[in-house]
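Note that this note's numbering has the sequence shown beginning at 9, numbered continuously upward.
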Amino acid sequence: MIHSEILHWLREENEDPLTRLWKRADDCRCAHVGDEVHLRGLIEISNHCVRTCQYCGINRTHAALQRYRMTADEILSCAHQAVKFGYGTVVMQAGEDPGIDADWLADVIRRIKAGTSLAVTLSLGERDDEELALWRAAGADRYLLRFETSNLSLYNRIHPPLSGKTCGTAAPGCANAEHPRFAILRRLRKLGYEIGSGVMIGIPGQTYEDLASDIEAFASLDLEMIGVGPYLPHPQTPLGKASSETIPPQSAIAGRQCPNTELMTYKVIALARLTCPDANIPSTTALATINKATGRELGLMRGANVVMPNLTPVQYRAMYEIYPAKACIQESAADCHGCLKGRIAGIGRSIGIGRGDSPARKRHATPASRG
Ligand code: SAM
Numbered sequence: 009m010i011h012s013e014i015l016h017w018l019r020e021e022n023e024d025p026l027t028r029l030w031k032r033a034d035d036c037r038c039a040h041v042g043d044e045v046h047l048r049g050l051i052e053i054s055n056h057c058v059r060t061c062q063y064c065g066i067n068r069t070h071a072a073l074q075r076y077r078m079t080a081d082e083i084l085s086c087a088h089q090a091v092k093f094g095y096g097t098v099v100m101q102a103g104e105d106p107g108i109d110a111d112w113l114a115d116v117i118r119r120i121k122a123g124t125s126l127a128v129t130l131s132l133g134e135r136d137d138e139e140l141a142l143w144r145a146a147g148a149d150r151y152l153l154r155f156e157t158s159n160l161s162l163y164n165r166i167h168p169p170l171s172g173k174t175c176g177t178a179a180p181g182c183a184n185a186e187h188p189r190f191a192i193l194r195r196l197r198k199l200g201y202e203i204g205s206g207v208m209i210g211i212p213g214q215t216y217e218d219l220a221s222d223i224e225a226f227a228s229l230d231l232e233m234i235g236v237g238p239y240l241p242h243p244q245t246p247l248g249k250a251s252s253e254t255i256p257p258q259s260a261i262a263g264r265q266c267p268n269t270e271l272m273t274y275k276v277i278a279l280a281r282l283t284c285p286d287a288n289i290p291s292t293t294a295l296a297t298i299n300k301a302t303g304r305e306l307g308l309m310r311g312a313n314v315v316m317p318n319l320t321p322v323q324y325r326a327m328y329e330i331y332p333a334k335a336c337i338q339e340s341a342a343d344c345h346g347c348l349k350g351r352i353a354g355i356g357r358s359i360g361i362g363r364g365d366s367p368a369r370k371r372h373a374t375p376a377s378r379g
C-alpha cells in the first residue's frame, strides 16, 4: 500500500468505507495467520528505568513512584502459571533497567527454557549488543522494541537520548540520520531474534503523515510483530502535563495532528495488517484501556491476532503504571485468563496452541534463529 493510500485511510471518517477497511483487514488476517488468537503471558519484571521518556509514567523522573524488581523465583513462578494456562509465550517487559544484570537474566531465561517449552520474548529497551547476544544464546526467541514514531525529531524530543546528544533532522550533519531504534532492530534480527516494534498513536506533534510513514516503516522493517496503541497522557509526565515547551505549537501542524482515539487505533491495526499480512499483531492493553467493554474484541476483529494476558503478580501491577487507568490492573492472572478466554470465544475465535511464531520468521531464518 502506498503512502497516499495509507494517508487516505487515516483521514477517512465515514462509516461505510471504514466497514470495508475492517472487512479487508479481517479477511487478510484470516488468510495469513488464521483464526487462532495467540496468548502471550506478560510479566512486568521491573519498573526501574534510567530513561526520561516524556510520555511514560515509569520514567526515572517520576520520583513518587515506588520501584520494584521481581526475583528470579517470582518470574519462574509466572512462567509456570503461563504453562498451566496453556500459553505458548512469556513476554518479560521492564523499564530500561541496568539493575537487570545480563548474566542474571540469561540464567532466568535458561531456567524457563529448561523447565518449559515456552517461547521467550524480551522487551527491555536498549541494551548492549553483547547482552542481547547473551540472552539470545540463553534461549530468548523474540525482542520487542517500539520505535514510537518514525519522525526522528519528534522521537528525540519525547525520548531524550541517554548521552544528551540528539540527532534530530534539524541537527547539522544529521539530515539523513537513521532512527536509532531501526538500527537496533536490524541488529536484533541479525542475532536471530524475531523482531517486533510499533508506535504510539496521537502523540502531541505527530501528524497523519508521520503515522502513514510509521506504517510504511513496519513494512520496510518486515516486522514479525507489530504493537500499536493510543498515546495516553500520564499526569506525572512532562508530556502529560502538556507544557508549551514539550508540545509544538499546534499552529505548526494545524489540522495535521493525528488524534489519540480508539478509531485511529483500529485504523492503524487494520493498515498494519494489510501492509504486513503475516505479522503477529496484538490487540493491546492501551486499546482495552480506552474501551474496556469491547476494545480488545474490536481490535481482534479489525486485524489483530494476539492478546497479552497479564501474569505480573498483583502487588506490582499498580507500580507498572506507564499510563493511568490501565486495564486489568487489579485482576489476578487467573481472572485475566478467564476474562480473555471468554472474550475470544465470544467473537467466535479459538485460542492458539503452541508458540505461535510468525510465518514471517521463515523468511528471516538464519543459523542463529534456528536455535
Ligand atoms: N523500556 C522498554 C522500551 O522502552 O521499549 C519497554 C517498556 S515501555 C514502558 C513499553 C511501551 O509502553 C513503550 O514502547 C511505549 O510505547 C508504551 N508507553 C509508555 N508510555 C505510554 C503512554 N503514556 N501511553 C501509551 N503507551 C505508552
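Positions of the beta carbon are idealized from the N, C-alpha and C atoms, including for glycine.
GLU186 - DSSP class collapsed to helix/strand/coil: Taking the sequence shown and counting its residues from 1, the one referred to as residue 186 is at position 178. GLU186 sits in coil when the DSSP states are folded into three classes, being neither helix nor strand.
Residue range of the beta strand (DSSP E) that includes ALA102: Locating residue 102 in the sequence shown gives position 94, where the first residue counts as 1. It spans 97-102 - the beta strand (DSSP E) in which ALA102 sits, taken as one unbroken run.
Is GLU270 helix, strand or coil by DSSP? In the sequence shown, the residue the question calls residue 270 occupies position 262. GLU270 falls in the helix class under three-state DSSP.
Do PRO317 and HIS345 have their CB atoms nearer than 7 angstroms? Reading the sequence shown from its first residue, position 309 is the one you call residue 317. Reading the sequence shown from its first residue, position 337 is the one you call residue 345. The answer is yes: Cβ separation under 7 angstroms.
If we count the other Cβ atoms within 10 Å of its Cβ and call it buried at 16 or more, is LYS369 buried or exposed? Position 361 of the sequence shown, counted from the start, is the residue given in the question as residue 369. Position check: residue 369 holds Arg in this sequence, whereas Lys was assumed. That one is buried.
Cα separation between GLY350 and ALA191? Taking the first residue of the sequence shown as 1, we reach residue 350 at position 342. Taking the first residue of the sequence shown as 1, we reach residue 191 at position 183. If you take the alpha carbons of GLY350 and ALA191, they lie about 40 angstroms apart.
What's the gap between the Cα of ILE83 and the Cα of LEU162? Indexing the sequence shown from 1 puts residue 83 at position 75. Indexing the sequence shown from 1 puts residue 162 at position 154. Looking at the two C-alpha atoms, the distance is approximately 35 angstroms.
Which two residues bound the contiguous beta strand (DSSP E) that contains ARG150? Taking the sequence shown and counting its residues from 1, the one referred to as residue 150 is at position 142. Counting along the chain, the beta strand (DSSP E) containing ARG150 begins and ends at 150-152.
Quick check on DSSP: helix, strand or coil for SER131? As a first step, residue 131 is located in the sequence shown; it is residue number 123 there, counting from the start. Of the three classes helix, strand and coil, the one that applies to SER131 here is strand, per DSSP.
Which of helix, strand or coil DSSP assigns to PRO290: On the sequence shown, residue 290 is found 282 positions in, with the first residue counted as 1. The answer is strand: DSSP assigns PRO290 an E or B state.
Give a single yes or no on whether TYR201 has its beta carbon closer than 6 angstroms to a heavy atom of the ligand SAM. As a position in the sequence shown, residue 201 is number 193, starting the count at 1. Incorrect: TYR201 has no Cβ contact closer than 6 angstroms to the ligand SAM.
Just how far apart, CA to CA, sit GLY248 and GLY123? Your numbering for residue 248 matches position 240 in the sequence shown. Your numbering for residue 123 matches position 115 in the sequence shown. Using only the alpha carbons, I get a separation of about 42 angstroms.
Could you give the first and the last residue of the continuous beta strand (DSSP E) run that contains GLU217? Working through the sequence shown from its first residue, we reach residue 217 at position 209. Premise fails: GLU217 lies in the alpha helix (DSSP H), 216-229, not in any beta strand (DSSP E).
Report the three-state DSSP secondary structure of LEU73 (helix, strand or coil). Here residue 73 corresponds to residue number 65 of the sequence shown, with the count starting at 1. LEU73 falls in the coil class under three-state DSSP.
For the region 282-366, which segments carrying the alpha helix (DSSP H) assignment without a break, of at least 4 residues, lie completely within its bounds, in sequence order? 293-298, 303-309, 322-325, 341-354
Just the Cα atoms here: how many angstroms apart are LEU73 and VAL128? Within the sequence shown, the letter at position 65 stands for residue 73. Within the sequence shown, the letter at position 120 stands for residue 128. Rounded to whole angstroms, LEU73 to VAL128 spans 28 angstroms at the Cα level.
Whole-angstrom distance between LEU126 and ILE14, CA atom to CA atom: Counting from 1 along the sequence shown, the entry for residue 14 is found at position 6. Counting from 1 along the sequence shown, the entry for residue 126 is found at position 118. Going by the C-alpha atoms only, they are around 36 angstroms apart.
Tell me whether ARG194 is buried or exposed, calling it buried when 16 or more other Cβ atoms sit within 10 Å of its Cβ. As a working note, residue 194 is residue 186 in the sequence shown. Counting Cβ neighbours within 10 Å, ARG194 comes out exposed, since fewer than 16 surround it.
With C-beta atoms as the reference, is SER366 less than 7 angstroms away from ALA280? Along the sequence shown, one-based indexing puts residue 366 at 358. Along the sequence shown, one-based indexing puts residue 280 at 272. No, the pair does not count as a contact, with Cβ atoms beyond the cut-off.
Rounded separation between LEU160 and ALA185 - CA only: The residue labelled residue 160 in the question sits at position 152 within the sequence shown. The residue labelled residue 185 in the question sits at position 177 within the sequence shown. Distance between the alpha carbons of LEU160 and ALA185: 8 angstroms.
For the alpha helix (DSSP H) that contains GLU23, what are its first and last residues? As a working note, residue 23 is residue 15 in the sequence shown. Counting along the chain, the alpha helix (DSSP H) containing GLU23 begins and ends at 23-41.
Apply the 10 Å Cβ neighbour rule to CYS38 and answer buried if 16 or more other Cβ atoms are within range, or exposed otherwise. Taking the sequence shown and counting its residues from 1, the one referred to as residue 38 is at position 30. So CYS38 ends up on the exposed side.
Does the beta-carbon of MET208, which I'm using as the reference point, lie nearer than 6 angstroms to any heavy atom of the ligand SAM? If you number the sequence shown from 1, residue 208 lands on position 200. Checking every heavy atom of the ligand SAM against the Cβ of MET208, one is found closer than 6 angstroms.
Proximal residues to ILE117 (C-beta, below 7 angstroms), its chain only, five neighbours per side dropped: Here the question's residue 117 lines up with position 109 in the sequence shown. VAL128, TRP143, ALA146, GLY147, ALA148.
Does the region 65-80 come into contact with the region 90-97, if we say contact requires no fewer than three beta-carbon pairs (one atom in each stretch) closer than 8 angstroms? Counting Cβ pairs under 8 angstroms, fewer than three are found: no touch.
Which partner residues does GLU44 have in the DSSP bridge list? Translated into positions along the sequence shown, residue 44 becomes position 36. According to DSSP, GLU44 bridges with SER358.
Where does LYS300 land, buried or exposed, given buried means 16+ other C-beta within 10 angstroms? Translated into positions along the sequence shown, residue 300 becomes position 292. Exposed: under 16 other Cβ atoms inside 10 Å.
List the endpoints of the continuous beta strand (DSSP E) containing GLU202. The residue you call residue 202 lines up with position 194 of the sequence shown. That run of the beta strand (DSSP E) goes 202-209.
Kindly list the residues whose CB is nearer than 6 angstroms to the CB of ARG304, restricted to its own chain and excluding five residues on each side of it in sequence; keep chain order. Numbered from 1 along the sequence shown, position 296 holds the residue referred to as residue 304. Result list for ARG304: SER291, ALA296, ARG351, in chain order.
Short check: CB of HIS56 to CB of GLY103, under 7 angstroms? In the sequence shown, counting from the first residue as 1, residue 56 sits at position 48. In the sequence shown, counting from the first residue as 1, residue 103 sits at position 95. Yes, they are a contact pair.
From SER85 to ALA341, what distance separates their C-alpha atoms? For this step, residue 85 is matched to residue 77 along the sequence shown. For this step, residue 341 is matched to residue 333 along the sequence shown. Approximately 12 angstroms, taken between the alpha carbons.
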